[in-house]
Each structure stands twice: as C-alpha cells, then as structure tokens.
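**Q**
Residue numbers (the working numbering): 1177 to 1732.
(1) Return the Cβ separation of residue 1343 and residue 1683 in integer angstroms, given the expectation that the two are a contact with Cβ distance under 8 Å.
(2) Between 1606, 1544 and 1558, which lies nearest to residue 1580 when the distance is taken from Cα to Cα?
(3) Which of helix, strand or coil does DSSP assign to residue 1662?
(4) Straight-line CA distance for residue 1481 to residue 1206?
(5) For residue 1685, which three-state DSSP category applies?
(6) In whole angstroms, what is the alpha-carbon distance linking residue 1669 and residue 1586?
(7) If you follow the alpha helix (DSSP H) that residue 1224 is part of, which residue opens it and which one closes it?
(8) Can you say whether residue 1729 is buried or exposed, counting buried as having 16 or more other CB atoms within 10 angstroms of its CB?
(9) Check whether the Cβ of residue 1541 lies closer than 7 Å to any heavy atom of the ligand ADP, and answer yes or no.
(10) Using DSSP's beta-bridge definition, name the partner residues of residue 1713.
(11) Taking the continuous beta strand (DSSP E) assigned at residue 1734, which residues delimit it?
(12) Using 8 Å for Cβ pairs, my map puts residue 1504 next to residue 1551. What's the rounded Cβ distance?
(13) Taking only three categories from DSSP, how would you classify residue 1596?
(14) Would residue 1719 be called buried (16 or more neighbouring beta carbons within 10 Å of its own) or exposed?
(15) Going by DSSP in three states, residue 1695 sits in which element: helix, strand or coil?
(16) Just tell me which of 1257, 1240 and 1242 has its CA closest to the CA of residue 1248.
(17) When the Cα of residue 1353 is compared with those of 1326, 1403, 1457 and 1237, which residue comes out closest?
(18) Taking all protein chains shown into account, do 16 or more other C-beta atoms lie within 10 angstroms of the C-beta of residue 1695, making it buried, or fewer, making it exposed?
(19) Quick one, are the C-beta atoms of residue 1478 and residue 1431 less than 8 Å apart?
(20) Please report the residue range of the beta strand (DSSP E) in which residue 1650 lies.
(21) For residue 1392, collect the residues of the same chain with a Cβ closer than 8 Å to its Cβ; drop the 5 residues on either side in sequence, then sort them by chain order.
(22) Nearest by alpha-carbon distance to residue 1714: which of 1707, 1724 and 1700 is it?
(23) Identify, in the order they occur along the chain, each residue of the same chain with its Cβ nearer than 6 Å to the Cβ of residue 1360, setting aside the five sequence neighbours on each side.
(24) As a quick exercise: from 1643, 1675 and 1453, pick the residue whose alpha carbon is nearest that of residue 1658.
(25) DSSP has residue 1233 in a bridge; who is on the other side?
(26) According to DSSP, is residue 1196 helix, strand or coil?
(27) Closer than 6 Å by C-beta to residue 1549: which residues in its own chain qualify, once you throw out the five before and the five after it? Chain order, please.
(28) Can you give, in chain order, each stretch of the alpha helix (DSSP H) that sits fully within the stretch 1284-1321 and has at least 4 residues?
(29) Under the three-state reduction of DSSP, which class applies to residue 1556: helix, strand or coil?
(30) CB-CB under 6 Å to residue 1818, same chain, minus the five flanking residues each way: which ones, in chain order?
(31) As a quick exercise: from 1470, 1271, 1590 and 1547, pick the residue whose alpha carbon is nearest that of residue 1364.
This is how it looks when you write it as structure tokens:
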C-alpha cells in the first residue's frame, strides 16, 4: 500500500509538470470574459480582500477560485502573473487523482483503484482546464473529494468525516454554483437513511449539512445584503425552474441530450458496464450518492439556456435548425460527475455486457447526435472535441448524420469486443490523452491566432512592461462601442461591462470614461489627442497616452 501511495504522489507530480508545461505554451486567454473576471477579482481580493470589478462590487461569480488565484499577484507583472495562475490551476486540478483513488479503493482492489485514478486524471476535462482561468480547475477536485467524504460519513460512526464533508460541500459551492447539487445529494441520502432507520448516519448527514451551511453563510449573507437575493447573480436563472411548465418539453429534451453527452464523454463503455451489481449491500450507499449526484448535476445543466430564444442572443441557436431544441448545451457543466460514472463502471467490470442495455444506450446516442448543433468545441466541450471537428468541417444535416452513424457503431463494437480491465485502462487512457492533445492543439491555435497576435494583447504586454507602477488606466468611453469577439476586436472595451483585452494584461486600476473629466495616468484611445504625450500606437489605430501632469502614481 505504501508503494502505491508513493506511485500516486509521483504520478500526481508528473501530471502537474506536464500540465504546467503544456499550459505555458498557451500564450493568451481564449475564454476571454470568464478569464478576465476571475483575474480581476483575484487582484481585488489580493489588494483589499474584496471582490470589486472596475470600481463596483461584483457578485455574480462565487469567490473561492479568485481567492485561490490571488497569490499570483505577488509577482507584480501580468506577464508573470498569468503563467503563475496556470501553474496554480495545474497543481489544484491534478489533485483529483487522490479522491479518485481513495473512492475507487472502497470497492475495487488498491491496484485497480490506482489505475482507475490515473484514468480519471487523464479525462480531457481534468487535463485541459488548467490552460483556462475557470473555476472548473478547483470545482471538479472539490466535488469528487466531497463525494468521498460524504460516502465515508454515511458508512462510519466517526464525527471526523462529517465535519470535513461539510467543509468540502461548502467549499465546492463557493467554487461554483453547481455545487448546490451536493446539498440535494445530502437530502437524498438523509431520506435513504431515514427509510433504513440508520440513526448514526442520519446524525452525520445532518452535521455535514449544518457545517456546509455555516461555511457558505458569510457569502449568502453578503449576497442578500448587496442584491436582496440568496444566490446573487444566479438568482434569475435559478428562478426559471419555477416556470418549468412553460418549457417542460425542451427541458426533458435537454436532460436526455445531457445524458447522452455524459455517456459519450466517458467513452461510452463505462455506462455500458454498469449493472445491478451497484445495488448490492457493499455499494448501495455509494450508488445512492453517485446516482443522485449525476441526476442533480444533469438537472441543473438542463435548466441552463432552456429559455433562450433568437430574440435574446446574437449567435445562432440549435433551435434555428431543430425547433424543439433550446440553447446550446455546455459539457463542462456535467464533467464533474464523469469520475463517478467511471468508478461505477469499474465496480461492474467483471459483469457480462447486456445486449438490451447496449441497444438502449445506442438509441439514446442516436438521439444525442443533435448535440452537434451545440458546436462541441473547446472550451465548453473538451470531452467531445473530436465531434466538434465534424461540426466545423461539415454543415447540418450531414454532420448530424455522420455523428449518428458513429454513435450507432461504437456501442455495438464495444459489446462485441468484451474488453477486460487491463485493455480498458490502456485503450481509454490513450484515447483520453489523444483527445486532450487535440484540445490543446485547438486551444493553442485559437489563443495564438485570434488573441495573442492581436494588437490589444501586444499593447497590453508592452504597457505592463513599460509602466512598473500601479497606475490608473482610463479607456476612452467613445471607443468602447461593442462586444469583443475573437474575430472582431475593434472595440477597446465592452460598453456594458468594461471588459478589455488590453486591460487583462495590466495589473493596474482600470476604468472607462471621458478623458476630459476623469483622472488617469495612462489613456487608451483610438482618437488623436494633442494635449497628451503619445507613448505607443498600434497598426489598428489604438493609442496609449501618458498624462505627465498626473502625479498620483502609487507603488505596486
């Protein structure tokens, strides 16, 4: 066992190093708005332990991930801070190997649990997100850790596990709103133990819930004081579930499509392996936890975008092709439960594959070929990016027909092959790593071609180096005209939010306003101004001016 733990730690370190190297190659954020927000909130927390964006309190994103990123600002310059943030991502996201191992070890041999944890670490969703400034980097790890601690709380008499389980559940929620699913899991587990009349485990579940609520209560109180709602910026989306009768058909379709996406994302074979064996005495409690987790995560994901219409968005929706569909599906919203599907499959690996279940899964997958209309490209669909290439090359309906044909054949081939544990580990480790490399290639191309080589990124990097002080950077509001897209970066900042490509690369105080009335040290503008010293210009007509009359510099 000690040797296995050493191997586990060694594997973790290797994965961290490899991910750090690969993410270093990605030169600029390509998930622009999310990365910008998390970076600036991390800066705000580092400077004054608050969550302020462009001078205003920001309450839409939960705080934990920004807090974790904030130490990177010790390095001063964004040219160093950004790579440091990606290293932090690599360190944290790779930790998932440990709860994966200890959870799997509860049901299969330690040796098989080790290889299963490696396989889970190789999932594209666990290898890829370190190149993005996204809360998924910490959420997936905390989610699986919480599942393990909840399971131990439900199977042991010790108070040690429910205390840490409560902390884990609370932190998972503070990482990403989808963590609220764990509270629903606790409720399900409470009912399960109530039926079984397990008083000790009921006590542990209640204790877990109380501690989780205590952990999140400061943020909930803050949200209520700021916006008068418990869920802050997520309240309006959460409220859509109250109108479910208005869109119940689309909701059911989205739930089925997300279920199909879950099957595809786990390589199809692991859902096929799951049998009634998961309901035996040894695994029943875990099965209740795992299946309820999967159900509630799918439920939350299905609620997202379900009410979108062409009138409210500027991009093309799946419903433009098939009217019974709603908004685009987002695979990263369900990737947290992929390890649970794999572990459930590994528990049943010696069981014979069922033809009826194979056919049922095949029918679900054929129906799920409609997923092709959601793009299936990084950042939202790293687990199925290979299908995204089909949607990129071929038009509808040819792309959907081809995807349906592939998804028809794969389950039948798996059924005929009868793979054992060793072959599954080798085959799907290679498959997941290849999919991850495909993702990295696509992310690098997107980052380098559409973002890093752009004038705004280059100007930001230059100003970050030119100005070593903590300065006030003003963006000329006359040039903040439209939303920033990867193929349309004419605006120097977004008019509604103030987000700026150039501003991402600055560890300074940023704001948009009128150069005639606002105080500033540097001005970013597309206008020619004779009253200020121009220190840099781009080929696209963006100018950086220095206000030499302003002496309000403060040390970084």
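Don't be surprised by glycine CBs; every beta carbon is placed ideally from N, CA and C.
**A** This is what the structure gives:
(1) Incorrect: roughly 32 Å between the Cβ atoms, too far for contact.
(2) The shortest C-alpha separation from residue 1580 is found at 1544.
(3) In this structure, residue 1662 counts as coil in the three-state DSSP scheme.
(4) Near 22 Å, if we compare the C-alpha coordinates of residue 1206 and residue 1481.
(5) DSSP places residue 1685 in strand when its eight states are reduced to three.
(6) Going from the Cα of residue 1669 to the Cα of residue 1586 covers about 46 Å.
(7) Unbroken alpha helix (DSSP H) run through residue 1224: 1208-1224.
(8) Low local confidence applies: a pLDDT of 41 at residue 1729 is under 50, so the model's placement there is unreliable, with the coordinate-based value given in what follows. Residue environment for residue 1729: exposed (fewer than 16 other C-beta atoms within 10 angstroms of its C-beta).
(9) What this structure holds is no ligand at all, so the ligand ADP is not there to describe.
(10) Note: residue 1713 sits in a beta bridge opposite 1719.
(11) Beyond the ends of the chain as shown, which are 1177 and 1732, falls residue 1734; an answer cannot be given.
(12) Correct: roughly 7 Å between the Cβ atoms.
(13) Coil, per DSSP.
(14) Within 10 angstroms of the beta-carbon of residue 1719 lie 16 or more other beta-carbons, which makes it buried.
(15) DSSP places residue 1695 in coil when its eight states are reduced to three.
(16) Of 1257, 1240 and 1242, the residue nearest in Cα terms is 1257.
(17) The shortest C-alpha separation from residue 1353 is found at 1237.
(18) With fewer than 16 Cβ atoms within 10 Å of its Cβ, residue 1695 is classed as exposed.
(19) With contacts defined as CB atoms closer than 8 Å, residue 1478 and residue 1431 qualify as a contacting pair.
(20) Here the beta strand (DSSP E) through residue 1650 covers 1648-1652.
(21) 1346, 1349 and 1350.
(22) The candidate whose alpha carbon is nearest that of residue 1714 is 1700.
(23) These residues qualify, in order along the chain: 1472.
(24) The residue with the shortest Cα to Cα distance from residue 1658 is 1675.
(25) 1228, per the DSSP bridge assignment.
(26) DSSP places residue 1196 in helix when its eight states are reduced to three.
(27) So the qualifying residues of the chain are 1494 and 1497.
(28) Qualifying alpha helix (DSSP H) stretches, in chain order: 1286-1297 and 1300-1303.
(29) Reduced to three states, the DSSP call for residue 1556 is coil.
(30) Since the first and last residues shown for the chain are 1177 and 1732, residue 1818 lies out of range.
(31) Comparing Cα-Cα distances from residue 1364 to each of 1470, 1271, 1590 and 1547, the minimum goes to 1470.
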